[in-house]
Amino acid sequence: MKRAFQLVLLYGVVAACASSPEPNGIEPGSKEARSWADALGSQITAPYHAPEHRAFDFWIGEWEANWRPPQEGAFEHQKEGSFTRQRVFPVLGGKAIIELAWARDNPQDPSQRGFSIRYFDPARARWVMAQNWPNENNTGGAFTDQLIGNEHLGRLTMYSAARRPKPDGSFADEHRRYNFTDIRPGVSFRWDGSNSGDKGATWFTWYVVDFLRQRDLDPFGAAGTDFPGVHDKALCTEEPHGAMNALRGEWEGVRVDAGGKESPARLSAGLVLDGCGVLAALETDDRREILAVGYDERFSSWAIFRLDDRPGTTHAYYISEEAGEGAAFAEAPMLAIKDEVSPYREAASFSSASAERRLIFSSLSNDGLVLRDEARQPGSGWTLIAEYRLTRR
Numbered sequence: 038m039k040r041a042f043q044l045v046l047l048y049g050v051v052a053a054c055a056s057s058p059e060p061n062g063i064e065p066g067s068k069e070a071r072s073w074a075d076a077l078g079s080q081i082t083a084p085y086h087a088p089e090h091r092a093f094d095f096w097i098g099e100w101e102a103n104w105r106p107p108q109e110g111a112f113e114h115q116k117e118g119s120f121t122r123q124r125v126f127p128v129l130g131g132k133a134i135i136e137l138a139w140a141r142d143n144p145q146d147p148s149q150r151g152f153s154i155r156y157f158d159p160a161r162a163r164w165v166m167a168q169n170w171p172n173e174n175n176t177g178g179a180f181t182d183q184l185i186g187n188e189h190l191g192r193l194t195m196y197s198a199a200r201r202p203k204p205d206g207s208f209a210d211e212h213r214r215y216n217f218t219d220i221r222p223g224v225s226f227r228w229d230g231s232n233s234g235d236k237g238a239t240w241f242t243w244y245v246v247d248f249l250r251q252r253d254l255d256p257f258g259a260a261g262t263d264f265p266g267v268h269d270k271a272l273c274t275e276e277p278h279g280a281m282n283a284l285r286g287e288w289e290g291v292r293v294d295a296g297g298k299e300s301p302a303r304l305s306a307g308l309v310l311d312g313c314g315v316l317a318a319l320e321t322d323d324r325r326e327i328l329a330v331g332y333d334e335r336f337s338s339w340a341i342f343r344l345d346d347r348p349g350t351t352h353a354y355y356i357s358e359e360a361g362e363g364a365a366f367a368e369a370p371m372l373a374i375k376d377e378v379s380p381y382r383e384a385a386s387f388s389s390a391s392a393e394r395r396l397i398f399s400s401l402s403n404d405g406l407v408l409r410d411e412a413r414q415p416g417s418g419w420t421l422i423a424e425y426r427l428t429r430r
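Heads up: the sequence shown begins at 38 in this note's numbering, then just goes up one per residue.
See the structure below:
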């Protein structure tokens, strides 16, 4: 049987990926420690061998990144800027690629923490990515910052659009562009980020980043532990941040479907971004999904990024004003990016009363977790899709 998960986060260097076993179902009651490679399904499986799913494989591994800002009065960007370490690895059987980043010279520096996840959507023939880069002045967008794009002649370009307020009270669309170029797999590549306020007629490049391949480190430790980039937990220390940290660790139990049928289930979760997020993998016998949880101060709401390992499915967002035990996260389709030119994240206009799906943390304590997945048709009441009844290992 195929194993299912709801993502949490792994370190997936190539060595870890190669040793990851094929999904073969959950072993109830097993006390053997697992690595994150096992928990996340880092081995690339048959549904995702096709070239269109492997365009970002050049990035898999350990990297050093030189972030070069513009120089005033010069055409060229600075030769040396600030440096980060990046670990990039496949998850969900190869459906998605994850990036983790932190400061190279001072890992405790809270200004250089990053996470991104990207996958290929066959229906749109586009790569889709979501990211979160918090710092001491900005706790990030709770994994709701997104871009979309494609590869052409060896160049990967991704775009997004946002509606920004102007001094006169009106709004203007601003476009963003990420380029991955000069790619030498396993050696180096260049990334640059730019903005345009005139629909792409002109672009301002605010960073050029040179990536150099480094020696891969050993695979992560046990599933359920925190991830690289978590050092002093110096970010996101103020309330309400931290309200979902009780998910950390390993949980196991059963999944109960709408008909009452039980099957084994397991959840592994750890902190990322020095405390600004929780990533969790919920495993069942037939699916893997990703849950990335964080608080977005701009909207005064919590958000969950959700992606599963089934071919053709896309990510979804669930939002809630509350967190912890009893919190109900309503699906918010308007938060997910649709194309390169349409602004998204119009969260202020969303009402949970119109949601057609939700996740409820019915119970969340040191020992027990009950998570309900529910759906409804317009004008009808909520019905159960599945309930996960888990205890801490």
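Positions of the beta carbon are idealized from the N, C-alpha and C atoms, including for glycine.
Beta-ladder partner(s) of residue i, from DSSP
i, result
"proline 301", "Val291"
"alanine 32", "Here the chain comprises residues numbered 38 to 430, so residue 32 is not present and cannot be evaluated."
"phenylalanine 342", "Ala329 and Tyr354"
"glutamate 211", "Ala199"
"serine 400", "Val407"
"proline 107", "His114"
"serine 153", "Glu136 and Gln168"
"alanine 412", "Arg394 and Thr420"
"alanine 259", "Ser72"
Extent of the continuous beta strand (DSSP E) run through residue i
i, result
"tryptophan 73", "Careful: tryptophan 73 lies outside any beta strand (DSSP E), inside the alpha helix (DSSP H) at 73 to 77."
"alanine 431", "Residue 431 is absent from the model: the chain starts at 38 and stops at 430."
"leucine 319", "314 to 320"
"proline 127", "119 to 128"
"arginine 141", "No beta strand (DSSP E) holds arginine 141; DSSP gives it neither H nor E."
"aspartate 333", "325 to 333"
"threonine 428", "420 to 429"
Where residue i falls, given that 16 or more other Cβ within 10 Å makes a residue buried
i, result
"valine 378", "exposed"
"isoleucine 374", "buried"
"leucine 431", "In the structure displayed, the chain extends from 38 to 430; residue 431 sits before or after that span and is not available."
"asparagine 61", "Residue confidence is low: asparagine 61 scores 39 on pLDDT, short of 50, so the model does not pin down where it sits. No coordinate-derived value is stated."
"arginine 303", "buried"
"phenylalanine 241", "exposed"
"valine 224", "exposed"
"glutamine 80", "buried"
"histidine 90", "buried"
"serine 153", "buried"
"arginine 105", "buried"
"methionine 195", "buried"
"leucine 249", "exposed"
Open item on the list: Suppose only complete runs of 3+ residues qualify. What are the beta strand (DSSP E) ranges in the segment 77 to 104, listed by chain order?
Closed with: none
Task: 3-residue-minimum beta strand (DSSP E) runs that sit fully inside the segment 161 to 196, ordered along the chain - done: 163 to 169 and 182 to 189
TODO: Only counting runs of 3 or more residues, tell me where the beta strand (DSSP E) segments fall wholly within the segment 216 to 241, in order along the chain.
DONE: 225 to 233
Open item on the list: Three or more C-beta pairs under 8 Å: does that hold for the segment 348 to 359 against the segment 305 to 318?
Closed with: no
Open item on the list: Quick test of the definition: if touching needs 3 or more C-beta pairs under 8 Å, does the segment 111 to 124 touch the segment 324 to 337?
Closed with: By the Cβ rule, the segment 111 to 124 does not count as touching the segment 324 to 337, because fewer than three pairs are nearer than 8 Å.
- [ ] Count the CB pairs spanning the segment 284 to 299 and the segment 125 to 137 that are closer than 8 Å, and state whether there are at least three.
- [x] no
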